[in-house]
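> Attaching a single structure in structure tokens format; questions to follow.
Numbering (this note's numbering), first residue to last: -4 to 302.
Next up, the structure:
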């Protein structure tokens, strides 16, 4: 039995479920969607903007739809042609619906584009963008977690906040005291002060993509595990099941993992450091080569070593 939203046999996508609720109104309703590319990290979210159009076409064709002209990027359309996506529905194109100015940080657009290039293995673009913003927005890589913790603590000024982050699939980081299966209490982690061991300040509890999506810290340590490793010029996507790593074959699950790292790498307002473990040759689940490939790739796009 599938269960979601506290409903048995739940088989709707997120768009279909939301529209179905608002469609119950007798007169009218408005849904405002803030569309961010590459943010799908959970089941039911993978269809992107196509999922909204598809749900409207199949179930609610009488709705009026207003969209920006900037949603043709593959991160939104998932390879679908815009004309095909909007066929047989009431779509109105309005240029002003594109929010061109970021309210998060003057650096955020460059950082987001850098992360996109990094995850797309667009090395030249990633290098160029990194060189452009790194003096104002520091990004480093290290194999030493203790050094990473010292760095974020030294960078934070006044009330600025810092914390540990990692993907929900980073299960072998437990060797380094990073236990993603131990879920944080969000209010304690994000809001409590330095005297509370449950807060992000203590750098003991780790927030995953599910905890931190849509939220930010000033400084972050992004802990990179072997679930997203770099081999033979491209990323390899894996999940840890039982006692071993297994390849991820589902296109949706590959997308979720890629986007998990996209979320983690874009949560810091001021800067971040990436911690890549050295590995352990005596541990078949944490071999040196699993992590060395990640480290070499990050260095190849110009990311500086934390001194």
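Where a beta carbon is used, it is the ideal one built from N, C-alpha and C, also for glycine.
#1: In its own chain, which residues sit with a C-beta less than 6 Å from the C-beta of residue 280, not counting the 5 before and 5 after it?
#2: Can you tell me whether residue 0 is helix, strand or coil according to DSSP?
#3: On the premise that residue 86 lies in contact with residue 307, defined as a C-beta separation below 8 Å, what is that separation, rounded to the nearest angstrom?
#4: For residue 286 and residue 273, which I take to be in contact (beta-carbon distance under 8 Å), what is that distance rounded to the nearest angstrom?
#5: Can you check which of these residues, 64, 212 and 115, is closest to residue 151 by C-alpha distance?
#6: Please check the pair residue 125 and residue 269, which I expect to be a contact at CB under 8 Å, by giving their CB distance rounded to whole angstroms.
#7: Cα separation between residue 303 and residue 218?
#8: What's the call for residue 188, buried or exposed, on a 16-neighbour Cβ count within 10 Å?
#9: Could you tell me which residues DSSP pairs with residue 240 in its beta bridges?
#10: Report the partner residues of residue 300 according to the DSSP bridge assignment.
#11: Rank 222, 265 and 196 by C-alpha distance to the C-alpha of residue 282 and give the top, closest one.
#12: To the nearest angstrom, report how far apart residue 252 and residue 93 are at their CA atoms.
#13: Compare the beta carbon distance of residue 55 and residue 18 with 8 Å and say whether it is the shorter of the two.
#14: Roughly how many angstroms lie between the CA atoms of residue 52 and residue 77, to the nearest whole one?
#15: Kindly indicate if chain B contains any beta-carbon less than 8 Å away from that of residue 14.
#16: Which one or two residues does DSSP pair with residue 159 in a beta bridge?
#17: Candidates 170, 204 and 157: which alpha carbon is nearest residue 186's?
#18: Which word fits residue 155, buried or exposed, when buried means at least 16 other C-beta atoms lie within 10 angstroms of its C-beta?
#19: Can you look up residue 287 in the DSSP assignment and give me helix, strand or coil?
#20: State the start and end residues of the unbroken alpha helix (DSSP H) segment that holds residue 259.
#21: Any contact of the stretch 251 to 266 with the stretch 195 to 212, i.e. 3+ C-beta pairs under 8 Å?
#22: Between the beta-carbon of residue 266 and the beta-carbon of residue 133, is there less than 8 Å?
#23: Identify whether residue 62 lies in helix, strand or coil by the three-state DSSP scheme.
#24: Which stretch, first to last residue, makes up the beta strand (DSSP E) that contains residue 223?
#25: Assign residue 86 to one of three DSSP states: helix, strand, or coil.
#26: In angstroms with no decimal places, state the Cα-to-Cα distance between residue 58 and residue 64.
#27: At what residues does the beta strand (DSSP E) containing residue 263 begin and finish?
#28: Decide if residue 236 is buried, meaning its Cβ has at least 16 other Cβ atoms within 10 Å, or exposed.
#29: In angstroms with no decimal places, state the Cα-to-Cα distance between residue 24 and residue 66.
#30: In chain order, what residues of the same chain have a beta carbon less than 6 Å from the beta carbon of residue 175, not counting five sequence neighbours either side?
Once the coordinates are examined:
#1: So the list reads 167, once near-sequence residues are dropped.
#2: Because the pLDDT at residue 0 is just 49, under 50, the model does not fix this residue reliably, and the value given afterwards should be weighed accordingly. It is coil, neither helix nor strand.
#3: The first residue shown for the chain is -4 and the last is 302, placing residue 307 beyond what the model contains.
#4: Here residue 286 really is in contact with residue 273; their C-beta atoms are around 6 Å apart, less than 8 Å.
#5: Ranked by how close their Cα comes to the Cα of residue 151, the residues 64, 212 and 115 have 212 in first place.
#6: With a Cβ gap of about 12 Å, residue 125 and residue 269 do not count as contacting.
#7: Coverage of the chain is limited to positions -4 through 302, which leaves residue 303 absent and any answer about it impossible.
#8: Exposed, by the Cβ-count rule.
#9: Under DSSP, residue 240 shares a beta bridge with 235.
#10: Looking at the DSSP assignment, residue 300 forms a beta bridge with 136.
#11: Ranked by Cα distance from residue 282, the options 222, 265 and 196 are led by 222.
#12: So the two alpha carbons sit approximately 27 Å from each other.
#13: Yes. Within cutoff.
#14: Residue 52 and residue 77 have their C-alpha atoms some 14 Å from each other.
#15: Of the chains in the structure shown, none is chain B; there is only one protein chain.
#16: 201 and 216.
#17: Per the Cα distances, 157.
#18: Residue 155 is exposed by the Cβ-count criterion.
#19: In the three-state DSSP reduction, residue 287 falls in the helix class (H, G or I).
#20: First-last of the alpha helix (DSSP H) with residue 259: 246 to 259.
#21: Touching, yes.
#22: Pairing residue 266 with residue 133 gives a Cβ-Cβ distance under 8 Å.
#23: It is a strand residue.
#24: Annotation for residue 223: the continuous beta strand (DSSP E) segment containing it runs 223 to 226.
#25: Residue state for residue 86 is assigned as strand, using DSSP reduced to three classes.
#26: Straight-line measurement puts the Cα of residue 64 at about 19 Å from the Cα of residue 58.
#27: Counting along the chain, the beta strand (DSSP E) containing residue 263 begins and ends at 263 to 270.
#28: Exposed is the call here.
#29: One Cα belongs to residue 24, the other to residue 66, and the distance between them is close to 23 Å.
#30: Take residue 175, set aside five residues on each side of it, and the residues of its chain with a beta-carbon closer than 6 Å to its own are 161, 163, 165, 201 and 203, in chain order.
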